[in-house]
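Presented below is the structure to which this report refers.
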Amino acid sequence: MYRYFEINKNGHNIRCKLYYSDLRNIRRVVVFCHGFSGHKDNSAAEKFAERMLSKYKGTAMITFNLPCHGDDVKKKLCLSDCITYLDLVIGYAREQYQPEVMYAYTSSFGGYLILKYLLEHGNPFRKIVMRCPAVNMYEVVTNNVLTPGDMEKLQKGKEVPVGFDRKITIGLPFLEELRIGRIHELDFLEYAEDILIIHGKADEVVPFESSHIFADNNLIECIGVEGADHRFRDPKKMNLAIKHILDFFAL
Numbered sequence: 297m298y299r300y301f302e303i304n305k306n307g308h309n310i311r312c313k314l315y316y317s318d319l320r321n322i323r324r325v326v327v328f329c330h331g332f333s334g335h336k337d338n339s340a341a342e343k344f345a346e347r348m349l350s351k352y353k354g355t356a357m358i359t360f361n362l363p364c365h366g367d368d369v370k371k372k373l374c375l376s377d378c379i380t381y382l383d384l385v386i387g388y389a390r391e392q393y394q395p396e397v398m399y400a401y402t403s404s405f406g407g408y409l410i411l412k413y414l415l416e417h418g419n420p421f422r423k424i425v426m427r428c429p430a431v432n433m434y435e436v437v438t439n440n441v442l443t444p445g446d447m448e449k450l451q452k453g454k455e456v457p458v459g460f461d462r463k464i465t466i467g468l469p470f471l472e473e474l475r476i477g478r479i480h481e482l483d484f485l486e487y488a489e490d491i492l493i494i495h496g497k498a499d500e501v502v503p504f505e506s507s508h509i510f511a512d513n514n515l516i517e518c519i520g521v522e523g524a525d526h527r528f529r530d531p532k533k534m535n536l537a538i539k540h541i542l543d544f545f546a547l
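Residues 297 to 547, numbered by my numbering, are exactly what the sequence shown covers, in order.
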């Protein structure tokens, strides 16, 4: 089952979705953070939640719209708002359900954000899985998202709509935030045992090599999936990813 709800706090309105089997028995919560131009109704998240809930009692998963994503009301994307949303969702899960433990499952841009969150707030999760994380988000945006025409407009101080599912309007300040915040060059060794990376070796958006290098530098386990693209569109490969995630969470 699932239900929609909103978190209204500190002037923010976060639109969320909770997957659950029994609201009176939630002992473990997974927070899912989607990728760039994604949304709370992420199909990969839904498939994972269905599998998890069918096998493990006392679990639930929260998905939410990042700022400017899905039906979120914000108009300008900035990293600080993304981190604030993530922090408020984590706080809501703690206060509302008082879980024994929390986990994080992220995709693409969500992986970048969870790493930034660890640096700024520490680690509230027992385990974190990042699927195709955009650890080099600046390069991903400049090389694979923005066109030469977009870059020219940004350099002139204009904003441009970019993305996949929903077009997100970004300006040069957001791009500068990514350029400065080069997560993949930083040290995450203290969190290594609690992180698993799963990355498709045929990823056309975030090169597998970026995750492989980041994982090696930080002694993080990285599972490369042969033939899997960025979204793991092949059901068999997504099923394999889900198995790895559930095994790592050890729910």
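Yeah, the Cβ is synthetic: ideal placement off N, Cα and C, and Gly gets one too. Note that the coordinates shown come from a computational prediction; the quantities given were computed from them, not determined experimentally.
Quick check on residue i: buried or exposed, where buried means 16 or more other Cβ atoms within 10 Å of its Cβ?
i	result
Ile476	exposed
Leu319	exposed
Ser339	exposed
His330	buried
Phe301	exposed
Ser350	exposed
Leu485	exposed
Leu411	buried
Met297	exposed
Ser376	exposed
Leu362	buried
Leu414	buried
Taking 7 Å as the cut-off, decide whether the C-beta atoms of residue i and residue j are in contact.
i	j	result
Cys312	Phe360	yes
Cys518	His526	no
Glu431	Phe528	Here residue 431 is Val; the residue named in the question, Glu, does not match the sequence. Their beta carbons are not under 7 Å apart, which means Val431 does not touch Phe528 by this criterion.
Phe545	Lys423	yes
Gly467	Glu481	no
Phe550	Phe332	What the structure shows of the chain is the stretch from 297 to 547, and residue 550 is not part of that stretch, so it cannot be assessed.
Arg323	Pro395	yes
Ile303	Leu384	yes
Thr402	Met426	yes
Gly520	Lys497	yes
Leu547	Tyr315	no
Asn440	Val501	yes
Lys532	Ala524	no
His335	Gly366	yes
Roughly how far, in whole angstroms, is the beta-carbon of residue i from the beta-carbon of residue j, given that I think they are within contact range, below 8 Å?
i	j	result
Tyr408	Ile358	That pair is no contact at about 19 Å.
Glu473	Cys374	7 Å
Ile386	Val436	The pair is not a contact, with the Cβ atoms about 25 Å apart (cut-off 8 Å).
**Request:** Examine the Cβ distances between the segment 377–394 and the segment 447–467 and report whether three or more of them are shorter than 8 Å.
**Result:** no
**Asked** Taking contact to mean at least 3 C-beta pairs separated by less than 8 Å, is the segment 484–496 in contact with the segment 432–445?
**Response** Here the segment 484–496 does not lie against the segment 432–445, with fewer than 3 beta-carbon pairs under 8 Å apart.
**Request:** Jot down the residue ranges of each uninterrupted beta strand (DSSP E) in the segment 407–454, minimum 3 residues, whole runs only, in chain order.
**Result:** 423–427
**Request:** Indicate whether the contact test is met: 3 or more Cβ pairs, each with one atom in the segment 390–399 and one in the segment 462–469, closer than 8 Å.
**Result:** no
**beta strand (DSSP E) segments (min. 3 residues) lying fully within the segment 448–507** = Segments of the beta strand (DSSP E) lying fully in the segment 448–507: 456–458, 464–466 and 491–496.
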